[in-house]
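What follows is a set of notes on a single structure, which appears directly below.
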Amino acid sequence: MLRRGSDGGLRISVQGVHVSFDSPPSRVGKSVGCVSHAHSDHVAAGGRIFATHETIELMRNVWKMTGFFKPVRYGETVDLGENVSLTVLNSGHVLGSAMFRVMGDDMDLVYTGDLNTVETLTTKPADIVDAETLVIESTYGHPSYVFPPRTETTAKILKWVSETIAEGAIPAFKAYSIGKSQELIKLFNEYTKLEVVVGKTVSRASQTYVENGIKLDYTTVGSKEAASTLLSGEAVYIDSQFRNIPTHRRVKWAAVTGWALHYHFSGFSAGFPLSSHADYLHLLEYVEQTNPNKIYVLHGFSKYFASILRKRGFDAVSLDET
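Here's what the structure looks like:
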């Protein structure tokens, strides 16, 4: 039994065990929750919840969440009782992001959560697993969303930064506090000599990345070091919010999101389609590689993507239609 919760999460029941994905566990019987990653629209608390150590740390450090979290590692299999098991896999989205495989007597299901199939400066590609049933996201599951090669997009970002600084302005980026911001920090650390100043939420997330072995060099807005750096002008600024920056210099903002492939955002000087999600072609490729017997699609262009999969011979349905 599989159903969509009113909170957008997914719930399944197998042999008397109730499993919730990116949603609090139910309050009946043997119930557990699984959090795929630490973005605010996926986190959950209350009851027994499995998540990777990195995701738990991000939830605690960035969102100040508390709860009965059970840390798990990639490749680990947990016995949920009643001959039901839960295996943790890498989804490639952000630090600690996970796919979950639930296996029982008559079930073999993989929930991808948010998925990225290409390597980035801070993440490895998603694991490929041949489950019978695949629950896959389709945020960019439309042929109009085929992203340029990542190296092409990052080259354009670096060029824009160089031009902006040459104008005497400070380049500022609005990006998700978890994932995209750290990729940008890493980009500027490795390919420029510029100092990186970040907003406070980005700083909390970045500290968790550092504590988990990803080297990042940055200062936090509000500190004396950051103030001096912004005064010099030889800096880039990264934040999860469009806000005033404490500097006398002109500031030019850029949005960093996959949606920038087609949309211009008011108040922004530039946009770059750097995404932590798989695009349309990579989603199709992932489905073909895993070759499941049944596919459930959710988020974004789920109805359209499910229809495309059916045309390709897959048994696919959008969970937004059920």
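All the letters of the sequence shown, read from the start, carry residue numbers 1 to 322 under my numbering. We put the CB at the ideal spot given by N, CA and C, even for glycine. Note that the coordinates shown come from a computational prediction; the quantities given were computed from them, not determined experimentally.
Close-in-space but distant-in-sequence residues of the same chain around residue i (CB under 6 angstroms, 5 per side omitted)
i    : result
T120 : E183
D279 : Y140, Y145, V146 and F147
A270 : W160 and A254
Y74  : V88 and N90
I245 : Y237 and V251
K70  : F50
I308 : none
Span of the beta strand (DSSP E), counted from its first residue to its last, around residue i
i    : result
R365 : Any property of residue 365 remains undetermined from this structure, which presents the chain solely from 1 to 322.
H18  : V17 to F21
F272 : A270 to F272
E137 : T133 to E137
K186 : Segment K180 to Y191 is the alpha helix (DSSP H) holding K186; no beta strand (DSSP E) there.
K261 : Going by the sequence as given, residue 261 is Leu instead of Lys. Premise fails: L261 is in no beta strand (DSSP E) and is neither H nor E.
Beta-bridge pairing of residue i - partner residues as DSSP gives them
i    : result
P171 : K252
F69  : I49
A316 : I295
I128 : Partner(s): none; I128 has no beta bridge.
T219 : V197
S85  : D79 and M103
K30  : V17
D239 : K174
D108 : M103
A323 : The first residue shown for the chain is 1 and the last is 322, placing residue 323 beyond what the model contains.
Segment limits, alpha helix (DSSP H) that includes residue i
i    : result
T153 : R150 to A166
K294 : No alpha helix (DSSP H) contains K294, which is instead part of the beta strand (DSSP E) from K294 to L298.
S203 : K200 to E211
L284 : Y280 to T290
F305 : S302 to K311
T247 : Counting along the chain, T247 falls outside any alpha helix (DSSP H), and DSSP gives it neither H nor E.
L2   : L2 -> not in any alpha helix (DSSP H); beta strand (DSSP E) instead, spanning L2 to R4.
A227 : K224 to S232
Distance CB(residue i)-CB(residue j) smaller than 8 angstroms
i    : j    : result
S138 : D114 : no
V110 : V84  : no
L284 : D320 : no
N212 : E54  : yes
I185 : I238 : yes
I295 : I136 : yes
F272 : V256 : yes
K200 : T229 : no
P24  : A51  : no
H277 : V118 : no
T154 : L187 : yes
V32  : D22  : no
S275 : G258 : yes
C-beta neighbour in chain C for residue i, strict 8 angstroms
i   : result
Y74 : Of the protein chains in this structure there is only one, and it is not chain C.
Cβ-heavy atom distance, residue i to the ligand MN, below 7 angstroms
i   : result
R60 : Ligands displayed in this structure: none; no statement on the ligand MN is therefore possible.
Own chain, CB closer than 7 angstroms to residue i, minus 5 neighbours either side, in chain order
i    : result
A169 : R249, R250, V251 and K252
S26  : R11, H18 and S20
Y304 : G141 and H142
F265 : A255 and G271
A226 : V197, T219 and T220
L261 : Y145, F147 and P273
Presumed contact (8 angstroms Cβ cut-off) between residue i and residue j, rounded CB distance
i    : j    : result
F301 : H93  : 18 angstroms between Cβ atoms; not a contact.
V62  : A38  : 7 angstroms
R150 : A131 : The pair is not a contact, with the Cβ atoms about 27 angstroms apart (cut-off 8 angstroms).
V196 : Y218 : 4 angstroms
S206 : L194 : Not quite, the Cβ-Cβ distance comes to about 16 angstroms (not below 8 angstroms), so this is no contact.
I165 : P171 : 7 angstroms
V14  : M107 : 5 angstroms
Residues near residue i in its chain [Cβ-Cβ closer than 8 angstroms; skip 5 each side]
i    : result
K30  : G16, V17, H18, L80, G81 and E82
E209 : Just to set this straight, residue 209 is Tyr in the shown sequence, not Glu. Once the five neighbours on either side are set aside, the close Cβ partners of Y209 are L95, T122, Q182 and L216.
E190 : L121
S240 : K174, A175, Y176, S177, S181, G199, T201 and V202
N293 : E132, T133 and D315
Y263 : G271
T290 : V110, I128, V129, D130, A131 and L134
A235 : I170, L194, E195, V196, V197 and T229
I214 : L95, T122, Q182 and K186
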